[in-house]
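These notes are about the structure you will find just below.
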Amino acid sequence: MRHFKINVSDLDVEFTCSEQDTVFDGLVRTSSGVIINGCHGGGCGVCKIEVLSGSYETSGTMSCAHVSSEDLAQGRVLACKIRPRDDIVLNVIGKIKKLYASK
Amino acid sequence: MTISGVTRPGHAQIRVLDLDESVEFYRNVLGLVETGRDKQGRVYFKAWDERDHNSVVLRQADQAGIDHFAFKVLDKPTLERLDSDLRAYGVKTERIPAGEMLATGERVRFEIPTGHIIELYAEKEQVVGQDRLVNPTPWTPQAEHGIAPVRMDHCLLYGPDIDGNLKLFTEVLGFYMPEYVENDEDGTKIAIWLSCSNKSHDIAFARYPEPGKLHHVSYFLESWEKVLRAGDICSMNNIKLDIGPTRHGITRGTTIYAFDPSGNRFETYSGGYQCYPDWTPIRWPLSELGAGLDYPQRKLHESFLSVVT
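Residue numbers (the numbering used here), protein chains in the order written: chain A, 85 to 187; chain B, 6 to 314.
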């Protein structure tokens, strides 16, 4: 199984994520000291991110309440619905950012 | 007749992002019984021990959440009376004709102050067989399939004006409030649990900036051990848990919160207590919400406050 490096640029966090896991799975596992969770189903939007570089595969439908087609085209996606195919650099947009900020 | 007016939660219509994946989950993991599909493509389910045709309706949509939550009222005259009471109170109501939903009579639809759509109806076809009505076995093979709750029990909805909901539900619809969470400093109500029966809640609301949000739909199990079994079944099927297994301080129910494949939270719930309309409501100061949510750990899980569909 391949593993990739995920760099969360605006939170200064880096972790490794396997190709089978979603980026959000990796983020939840890595978030020591910060209790974060989301719906993992593409519905609630708390894990919205902006991918700055690196490729990924979409693993399911994301709610249009949180991700428009323009968002999708621009790499603004839900971390629970993408799996890495390359090292990724991203910024966090969704509510989980606030939790990190209060760490 | 001592149970009158609004008698119980009837059904929840839930929006899902991928219908096939969701049907698989609701049928085989949650263990509801599929009872039909309509022309619109909605899929209908009931719990194994429920008698009416449906309690959960799935609709494919491009965003998750809840379309409406419905209550069954005693009979048609009650439905007429409540419709007229709602109008007199200043609530705009709409009639949805019988048959718009499979096996379901005419519905009275209205929006409540938190922006959710609530419906009332008096009639739904009973699909229970004679084997369940004469000399029945205590349970059936369906009671062992998946998590297999006995009923859809209640829901928790998030929105801004829960004070308006409290007034509407208690003054017009005949509910009472067994428990509530109050801001210690200014006395504002942060969350309210409302009952139309002697269950500790049939619906609950929490204050939240955005209207119309779903926190969870809850399914009742008969024991704590079955709640633990539900946790096993979730894990065996890679269903993400949110909180639990644990016990709520509020309502004293044992619980697991988890997510359906579209991220709609569901609860597998057991216990709670029986209460009566004359009881003084139990007050939880906001500073103790952690204990109210997760009594053993006294932990205020952030996702409880922020993850909704």
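Where a beta carbon is used, it is the ideal one built from N, C-alpha and C, also for glycine.
Values in this document were obtained by computation on a predicted structure and should not be read as measured data.
Any beta carbon of chain B sitting closer than 9 angstroms to that of A:Gly127?
Taking the first sequence and counting its residues from 1, the one referred to as residue 127 of chain A is at position 43. Yes, because at least one Cβ of chain B sits closer than 9 angstroms to the Cβ of A:Gly127.
In three-state terms, what does DSSP make of A:Ser139?
The residue you call residue 139 of chain A lines up with position 55 of the first sequence. Here A:Ser139 sits in coil by DSSP.
Three CB pairs or more closer than 8 angstroms across the segment 152 to 170 of chain B and the segment 195 to 214 of chain B
yes
Quick check: is the beta carbon of A:Gly110 nearer than 9 angstroms to any beta carbon in chain B?
Along the first sequence, one-based indexing puts residue 110 of chain A at 26. It does not; no Cβ of chain B falls within 9 angstroms.
Best match in B:Thr109, B:Val62, B:Trp53 and B:Glu128 for proximity to B:Glu227 [C-alpha to C-alpha]:
Taking the second sequence and counting its residues from 1, one reaches residue 227 of chain B at position 222. Nearest of B:Thr109, B:Val62, B:Trp53 and B:Glu128 to B:Glu227, Cα basis: B:Trp53.
Going by the beta-carbon positions, is the gap between B:Glu39 and B:Arg32 smaller than 9 angstroms?
What you label residue 39 of chain B is simply residue 34 of the second sequence in a count that begins at 1. What you label residue 32 of chain B is simply residue 27 of the second sequence in a count that begins at 1. Taking 9 angstroms as the Cβ cut-off, B:Glu39 and B:Arg32 qualify as a contacting pair.
Would you decide whether B:Arg303 is buried or exposed? Buried here means 16 or more other CB atoms lie within 10 Å of its CB.
On the second sequence, position 298 is the one that residue 303 of chain B refers to. Per the 10 Å Cβ criterion, exposed.
What are the start and end residues of the beta strand (DSSP E) that includes B:Ala209?
As a first step, residue 209 of chain B is located in the second sequence; it is residue number 204 there, counting from the start. Element bounds for B:Ala209: Ile208 to Arg212.
Closest by CA to B:Leu22, which one among B:Arg47, B:Pro14 and B:Val11?
Taking the first residue of the second sequence as 1, we reach residue 22 of chain B at position 17. Checked all of B:Arg47, B:Pro14 and B:Val11; the closest Cα to B:Leu22 is B:Arg47.
Do A:Cys123 and B:Val312 come within 9 angstroms of each other at the CB atom, strictly closer than that value?
Numbered from 1 along the second sequence, position 307 holds the residue referred to as residue 312 of chain B. Numbered from 1 along the first sequence, position 39 holds the residue referred to as residue 123 of chain A. It is a contact, given that the beta carbons lie within the stated cut-off.
CB contact flag (A:Arg169, A:Glu98, <9 angstroms):
Taking the first sequence and counting its residues from 1, the one referred to as residue 169 of chain A is at position 85. Taking the first sequence and counting its residues from 1, the one referred to as residue 98 of chain A is at position 14. Contact flag unset, no.
Counting Cβ pairs, one atom from each stretch, are 3 or more of them under 8 angstroms apart for the segment 154 to 169 of chain A and the segment 79 to 99 of chain B?
no
Does the beta-carbon distance from B:Glu105 to B:Leu84 come in below 9 angstroms?
Against the second sequence, residue 105 of chain B aligns to sequence position 100. Against the second sequence, residue 84 of chain B aligns to sequence position 79. Not a contact, by the Cβ cut-off of 9 angstroms.
Within-9 angstroms CB hit, B:Ser240 to chain A:
On the second sequence, position 235 is the one that residue 240 of chain B refers to. Not one chain A Cβ lies under 9 angstroms of B:Ser240.
Does A:Met146 get closer than 9 angstroms to chain B when you measure Cβ to Cβ?
Position 62 of the first sequence holds residue 146 of chain A. A:Met146 counts as touching chain B.
Touching or not, the segment 167 to 185 of chain B and the segment 260 to 269 of chain B, by the rule of three or more beta carbon pairs under 8 angstroms?
no
Which residues mark the beginning and the end of the alpha helix (DSSP H) in which B:Thr175 is found?
Start at 1 with the first residue of the second sequence, and residue 175 of chain B comes out as number 170. Per DSSP, B:Thr175 belongs to the alpha helix (DSSP H) from Ile167 to Glu176.
Would you mind telling me which residues of chain B sit closer than 7 angstroms to A:Val97, beta carbon to beta carbon, in chain order?
Numbered from its first residue, the first sequence carries residue 97 of chain A at position 13. The contacting residues do not exist; A:Val97 stays about 17 angstroms from chain B at best.
Boundaries (first-last residue) of the beta strand (DSSP E) holding B:Ile71:
Mapped onto the second sequence, residue 71 of chain B falls at position 66. Residues Gly70 to Val78.
Look up B:Gly164 in the DSSP assignment and give the residues it is bridged to.
In the second sequence, counting from the first residue as 1, residue 164 of chain B sits at position 159. Beta-bridge pairing links B:Gly164 to B:Arg212.
Give every residue of the same chain whose Cβ lies closer than 8 angstroms to the Cβ of B:Asp189, excluding the five residues on either side of it in the sequence, and list them in chain order.
As a first step, residue 189 of chain B must be located in the second sequence, where it is residue number 184. Excluding sequence neighbours, B:Asp189 sits near Pro290, Leu291 and Ser292.
Check this for me: beta carbons of B:Tyr262 and B:Ile248, under 9 angstroms apart or not?
The residue given as residue 262 of chain B occupies position 257 in the second sequence. The residue given as residue 248 of chain B occupies position 243 in the second sequence. Going by C-beta atoms, B:Tyr262 is nearer than 9 angstroms to B:Ile248.
With 9 angstroms as the threshold, decide whether the Cβ of A:Cys101 is near any Cβ in chain B.
Counting from 1 along the first sequence, the entry for residue 101 of chain A is found at position 17. False, the Cβ-Cβ gap to chain B never drops below 9 angstroms.
The segment 273 to 286 of chain B contacting the segment 141 to 152 of chain A, beta-carbon criterion three pairs below 8 angstroms
no
Could you pull out every residue in the same chain whose Cβ sits closer than 7 angstroms to the Cβ of B:Ile195, ignoring the five residues on either side in sequence?
Start at 1 with the first residue of the second sequence, and residue 195 of chain B comes out as number 190. The residues are Val186, Glu187, Asn188, Ala211, Arg212 and Leu291.
Report the neighbours of B:Ser60 on chain A: residues whose CB is nearer than 8 angstroms to its CB, in chain order.
Mapped onto the second sequence, residue 60 of chain B falls at position 55. Correct list: empty, because the minimum Cβ distance to chain A is about 21 angstroms.
Alpha carbons only, please: which of A:Ser139, A:Ser143 and A:Gly125 is nearest the one belonging to A:Leu174?
Start at 1 with the first residue of the first sequence, and residue 174 of chain A comes out as number 90. Nearest of A:Ser139, A:Ser143 and A:Gly125 to A:Leu174, Cα basis: A:Ser139.
My output table needs one value for A:Val107: the three-state DSSP class, helix, strand or coil.
On the first sequence, residue 107 of chain A is found 23 positions in, with the first residue counted as 1. Three-state result, A:Val107: helix.
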